[in-house]
Amino acid sequence: MKPLQLLAVGPVDEKLIRHLRSAIPNCFPASCTVLPEVLDPEPTFHAERQQYHSSEILRLMQRFVDPDGGLLLGITAMDLYIPILTFVFGEAQMGGPCAVVSAYRLRQEFYGLPPDKELLSQRLMKESVHELGHTAQLAHCGDYRCVMAPSHAVEWIDLKEDKLCDACRARIEG
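Residue 1147 in my numbering sits at position 41 of the sequence shown; the count goes up by one each step and never skips.
In structure tokens, the structure reads:
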């Protein structure tokens, strides 16, 4: 089981991070701890878009990577993007040590609906495991129930389960 460290990127609800710390090991083969540091995302803010560039956040996260190996998952409440897309729920280094996920567009409030903390936790968990799957060199899966299925809208996240399908799990464990 690989060690996984969670890193707050800007201010993040501590309950969300604690939930991920306890839930991720049930869905992804990694032991989980929380780093005490907080990464300042401001250098990655792009005023013209009013968003944070997720690839630049991944680059800043490199200084927190454990030199002895393991994975690093950044969690943020900021709106993320990459230049070719309007937004992203997260991004990962394919086969690398870092991934980042955002709760910003996973919140019901973003869509004009009442808050739902349980649904937010579920969505964030699914997106976290999805991005961690990319760090394990998993591509998108054709099984819409698999956590590795692509999510271009929040409704697609809700269709997924919070775990890898048998085929994806076999690729990681194989």
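Using N, Cα and C, we set each Cβ at its ideal position, and we do this for glycine too.
* Asked: Beta-carbon separation of Ile1181 and Val1207 under 7 Å?
  -> Yes.
* Is Ser1137 near Pro1109, with beta carbons less than 7 Å apart? -> Going by beta carbons, Ser1137 and Pro1109 fall inside the 7 Å limit.
* Asked: Are there 16 or more other CB atoms within 10 angstroms of the CB of Pro1149, so buried, or fewer, so exposed?
  -> Pro1149 comes out exposed.
* Asked: Does DSSP put Gly1239 in a helix, in a strand, or in coil?
  -> Gly1239: helix per DSSP, three-state reduction.
* To do: State the DSSP-derived secondary structure class of Ile1163, mapped to helix, strand or coil.
  => In the structure shown, Ile1163 sits in a helix (DSSP, three-state: H, G or I).
* Three-state secondary structure assigned by DSSP to Ser1234 -> Looking at Ser1234 - three-state DSSP - the assignment turns out to be helix.
* To do: With hydrogens ignored, establish whether the beta-carbon of Leu1179 is closer than 6 Å to any heavy atom of the ligand SAM.
  => Although the ligand SAM was asked about, the structure shown includes no ligands whatsoever.
* What residues are listed by DSSP as bridge partners for Val1194? -> Beta-bridge pairing links Val1194 to Leu1186.
* Which whole runs of the alpha helix (DSSP H) in the region 1128-1174 are 4 residues long or more, in chain order? -> The qualifying runs are 1160-1167.
* So, Ala1183 versus Ala1153, is the Cβ gap smaller than 7 Å? -> For Ala1183 and Ala1153, no; Cβs fall outside 7 Å.
* Can you tell which of Pro1173, Gly1175, Leu1238, Gly1176 has the C-alpha that lies nearest to the C-alpha of Gly1196? -> For the set Pro1173, Gly1175, Leu1238, Gly1176, the Cα lying nearest the Cα of Gly1196 is the one of Leu1238.
* Report the three-state DSSP secondary structure of Ala1276 (helix, strand or coil). => Here Ala1276 sits in helix by DSSP.
* Asked: Distance, Cα to Cα, Met1167 vs Gly1202?
  -> Annotation: Met1167 to Gly1202 spans about 12 Å, alpha carbon to alpha carbon.
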